[in-house]
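Everything on this sheet refers to the single structure shown next.
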Amino acid sequence: MFTKPQIHLASIFIKIFYRDRQSLFFSLLFPLIFTCIFLFSGGEPNPTKLGLVNQSENELSLKFVELVKKEKSFLVKEGSELELKEELIAADQTAIIIIPKNFNEFPDPGMLRLLLDASQVRQVGAIRDSLEAVLLSIERDIRNIEPMFSLQLEDVKSRPQRYIDFLLPGILAYMLMNLCIAGSGFNIVEYRRRGILKRLFVTPIQPKDFIISIVLARMFIIMMQLSVILGLAIGLLKINIVGGLVPLYGVILFGAFIFLCVGFFLGSLAKTQESIRPLVLLFTFPQLILSGIFFPISYLPGLIQPIASGLPLSVIASTMRNIANDGGALFAINFNFFGIVFWAFFSFFIATKFFVWQKVAS
Amino acid sequence: MSIIKAINLEKHYPNPENPGKTFAAVNAINLTINAGEIFGLLGPNGAGKTSTLEMLEGLSAIDNGEVFVDNIDVKNDPYEVKKIIGVQLQSNEYFDRLNLSDLLILFANLYSVSIDPRALLAKVDLENKIHALPDDLSGGQKQRFSIACALVNNPKILFLDEPTTGLDPQAKRNLWNLVKELNEEGMTIVLTTHNMEEAEYLCNRIAIMDKGSIIAQDTPQQLILDFAPDPHETPTQGNIEDVFLALTGHGLRD
Numbered sequence: 091m092f093t094k095p096q097i098h099l100a101s102i103f104i105k106i107f108y109r110d111r112q113s114l115f116f117s118l119l120f121p122l123i124f125t126c127i128f129l130f131s132g133g134e135p136n137p138t139k140l141g142l143v144n145q146s147e148n149e150l151s152l153k154f155v156e157l158v159k160k161e162k163s164f165l166v167k168e169g170s171e172l173e174l175k176e177e178l179i180a181a182d183q184t185a186i187i188i189i190p191k192n193f194n195e196f197p198d199p200g201m202l203r204l205l206l207d208a209s210q211v212r213q214v215g216a217i218r219d220s221l222e223a224v225l226l227s228i229e230r231d232i233r234n235i236e237p238m239f240s241l242q243l244e245d246v247k248s249r250p251q252r253y254i255d256f257l258l259p260g261i262l263a264y265m266l267m268n269l270c271i272a273g274s275g276f277n278i279v280e281y282r283r284r285g286i287l288k289r290l291f292v293t294p295i296q297p298k299d300f301i302i303s304i305v306l307a308r309m310f311i312i313m314m315q316l317s318v319i320l321g322l323a324i325g326l327l328k329i330n331i332v333g334g335l336v337p338l339y340g341v342i343l344f345g346a347f348i349f350l351c352v353g354f355f356l357g358s359l360a361k362t363q364e365s366i367r368p369l370v371l372l373f374t375f376p377q378l379i380l381s382g383i384f385f386p387i388s389y390l391p392g393l394i395q396p397i398a399s400g401l402p403l404s405v406i407a408s409t410m411r412n413i414a415n416d417g418g419a420l421f422a423i424n425f426n427f428f429g430i431v432f433w434a435f436f437s438f439f440i441a442t443k444f445f446v447w448q449k450v451a452s
Numbered sequence: 038m039s040i041i042k043a044i045n046l047e048k049h050y051p052n053p054e055n056p057g058k059t060f061a062a063v064n065a066i067n068l069t070i071n072a073g074e075i076f077g078l079l080g081p082n083g084a085g086k087t088s089t090l091e092m093l094e095g096l097s098a099i100d101n102g103e104v105f106v107d108n109i110d111v112k113n114d115p116y117e118v119k120k121i122i123g124v125q126l127q128s129n130e131y132f133d134r135l136n137l138s139d140l141l142i143l144f145a146n147l148y149s150v151s152i153d154p155r156a157l158l159a160k161v162d163l164e165n166k167i168h169a170l171p172d173d174l175s176g177g178q179k180q181r182f183s184i185a186c187a188l189v190n191n192p193k194i195l196f197l198d199e200p201t202t203g204l205d206p207q208a209k210r211n212l213w214n215l216v217k218e219l220n221e222e223g224m225t226i227v228l229t230t231h232n233m234e235e236a237e238y239l240c241n242r243i244a245i246m247d248k249g250s251i252i253a254q255d256t257p258q259q260l261i262l263d264f265a266p267d268p269h270e271t272p273t274q275g276n277i278e279d280v281f282l283a284l285t286g287h288g289l290r291d
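Line by line, the protein sequences are chains A and B.
Read in order, the letters of the first sequence correspond to residues 91 to 452 in this note's numbering.
Read in order, the letters of the second sequence correspond to residues 38 to 291 in this note's numbering.
See below:
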């Protein structure tokens, strides 16, 4: 299947990678830091810091305070308005609730005031929803009525969904992209600049031998690197890959193919190390922001969501997440599947169209 | 018996001074190199020596004309040609973090052959550097290692592109001896050089190139007889440098 020169050259690329302790360290550092952060924080975001000023000090307000304190998403601190405001300005509190003196006067109770930092837009909704739920519960108590409707949340996946479950597939996909681009694009430019490609080209190996060797070596390196992170996540963070490791590695292989092709394309376009850096950044940076690595794509403005969903990193990360969290299949016919197929063909087309061996070697 | 035959060989590159146009780096040259000889390509910078060499090696596309190396058509079958030749390039860069032994084994594998790296390094007097990295070698050692890399497939023809550029006299003399030894073992050697002394000392025959054309081709002795100033007219004894300057002029080249 593979020739002796192809296998030997691939083994040399692997040897070079693993002898370069510095790049080995840095390729694992970023995902390892993330894994450790979640290991020590329990994998959940910190609760919202909520200041509470009780100007009323009556039975009703005390009950309100008690119920708010029970909310797991809040870390409540009671104090004076002046003191808590200073903390809010210093960003030590996210919001302050002020219970007015006339909180228990019916039928016209005083209005609760919520002071907050307007820049924390995303948290406002969550805080308001929780407070409204507490107020509704108190109101029912006072009016002595039972709730007419109830909503019971049932997790169809029958397991807790933590932030790390969401994050890990994205981190793996991002790592995959970086390893591929660095291994093909940057290497080609560097080997060409130093005349190493020309040295290889005086031997009887052909362009396909060189490309196959790089692809084989990178596939191996990627599998090893991602397995380290995945192993730590499964072992230490109790991550459960619901869909199984085989389909997950299948997506990783497809992803590696796409990003290696993009790397070959970028490496063929760029003439120097200086010019490949901005080209690579142009490709990777928007995807880091838009591909749903750290937060769901649905958080993005509606206008750019369709574009963001179709990016190569998005389709790879979403498919990995789907397999890891929801037990999805590798070849499930959905948007991401077509996305992967499209990017595989498109990236292969541009890589072969622009990768001119003679120019690369000379 | 000829081992390399080039007929009306041409190479064109885009003309940087006249966008859209090309210039002939090699202009319809004819060459015949005999088996077992050391053949020198001489010329000032930009004369077309390296372009010619790269076409003979199958490294660069032939725009016009034909080249046969050991009766193999380079244009149709460059990979077959590469199997029987060894090439030492001007640049001496290799993969990082591989020592001399790793690199020789790598190059041997690219030809699908097995070698004893220690024996090959001994041949170029680098046996004690087997675990060294190329960056740790001196200029002369790097050139000798570069020749060792070109010998991994035991080639019929060895191409050397300016092998002694930048070397001190001792390293230069050492490399000349190595080239002579390889030639005495039966290897045909084709080299380019700026060094007249080198051409005169090493080469059985010389072709002098200028502006993409071969302007003279013969043995060093015959070229001196034909082109060096007459010793009766000038007090200087003629040598191959006199021939070179008489043919290509004294003007500086880039």
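Virtual Cβ for every residue (Gly too), placed ideally from N, Cα, C.
Only a predicted model underlies this, so the values are computations on that prediction, with no experimental measurement involved.
- Among the CB atoms of chain A, one or more fall inside 8 Å of the CB of V124 (chain B).
- Contact note: I106 (chain A) reaches chain B through F132, D133, R134, L135, using a C-beta cutoff of 8 Å and chain order.
- Within chain B, the residues whose beta carbon sits less than 8 Å from that of R284 (chain A) are S128, E130, listed in sequence order.
- Taking a Cβ-Cβ cut-off of 8 Å, F264 (chain B) has no neighbours in chain A, whose nearest Cβ is about 34 Å from it.
- In the DSSP assignment, G177 (chain B) falls within the alpha helix (DSSP H) that extends over 176-187.
- In this structure I41 (chain B) is in contact with L93 (chain B), their Cβ atoms being roughly 6 Å apart against a cut-off of 8 Å.
- Identification of chain B residues near R308 (chain A) by a Cβ-Cβ cut-off of 9 Å yields none; the smallest Cβ-Cβ distance measures about 15 Å.
- Per DSSP, I121 (chain B) is not a residue of any beta strand (DSSP E); the alpha helix (DSSP H) it occupies stretches across 115-121.
- Assigned with DSSP and collapsed to three states, V104 (chain B) falls in strand.
- Chain-order list of chain A residues neighbouring Y116 (chain B): P294, Q296, by C-beta distance under 8 Å.
- Between E74 (chain B) and N241 (chain B), the gap from beta carbon to beta carbon is short of 8 Å.
- Counting other Cβ atoms within 10 Å of its Cβ, V336 (chain A) stays below 16 and is therefore classed as exposed.
- Rounded to the nearest whole angstrom, the CA to CA distance from A98 (chain B) to V111 (chain B) is 9 Å.
- Contact between N146 (chain B) and K94 (chain A) holds, with the beta-carbon distance rounding to 6 Å and staying under 8 Å.
- Following the DSSP letters along the chain, one finds D263 (chain B) inside the alpha helix (DSSP H) bounded by residues 257-264.
- Distance from the Cα of M309 (chain A) is smallest, within the candidate group A:V332, A:G345, A:S365, for A:G345.
- A direct Cα-Cα distance of roughly 30 Å separates F432 (chain A) from R282 (chain A).
- Looking at the backbone, the Cα of D114 (chain B) and that of V106 (chain B) are separated by about 10 Å.
- When 7 Å is used as the limit between beta carbons, S149 (chain B) is near these residues of chain A: K94, P95, in chain order.
- Across the structure, Q178 (chain B) and F291 (chain A) are spaced so that their CA atoms are roughly 23 Å apart.
- Annotation for L178 (chain A): G141, I186, L205, D207 place their beta carbon closer than 7 Å to its own, counting only its chain and skipping 5 residues before and after.
- Counting only runs of 4+ residues, the alpha helix (DSSP H) found wholly inside the region 163-188 of chain A occupies 171-179, in chain order.
- Between the C-alpha atoms of P257 (chain B) and G77 (chain B) there is a straight-line separation of about 10 Å.
- Taking a contact as a CB-CB distance under 8 Å, the pair L79 (chain B) and A236 (chain B) counts as one, their CB atoms being some 5 Å apart.
- In this model, Q127 (chain B) and D198 (chain B) are separated by some 6 Å (Cα to Cα).
- At a cut-off of 8 Å, the C-beta of K119 (chain B) has a neighbouring C-beta in chain A.
- Contact annotation: in the region 85-99 of chain B, residues whose CB is within less than 9 Å of a CB in chain A are E91, E94, G95, L96, S97, A98.
- Taking C-beta atoms as the reference points, A187 (chain B) and Q259 (chain B) fail to come closer than 8 Å.
- Taking one beta carbon from each stretch, the region 216-223 of chain A and the region 148-164 of chain A have 3 or more pairs nearer than 8 Å; the two touch.
- Below 8 Å, too few C-beta pairs join the region 393-402 of chain A and the region 310-322 of chain A to call them touching: fewer than three.
- For R242 (chain B), the enclosing beta strand (DSSP E) has its first and last residue at 242-247.
- Take N234 (chain A), set aside five residues on each side of it, and no residue of its chain has a beta-carbon closer than 8 Å to its own.
- Among the bridge pairs identified by DSSP, N129 (chain B) is matched with none.
- Between N108 (chain B) and Y148 (chain B), the C-beta gap is not smaller than 8 Å, which leaves the two residues out of contact.
- Not flagged as an interface residue toward chain B: F276 (chain A), since no C-beta distance is shorter than 8 Å.
- DSSP lists no bridge partner for S113 (chain A).
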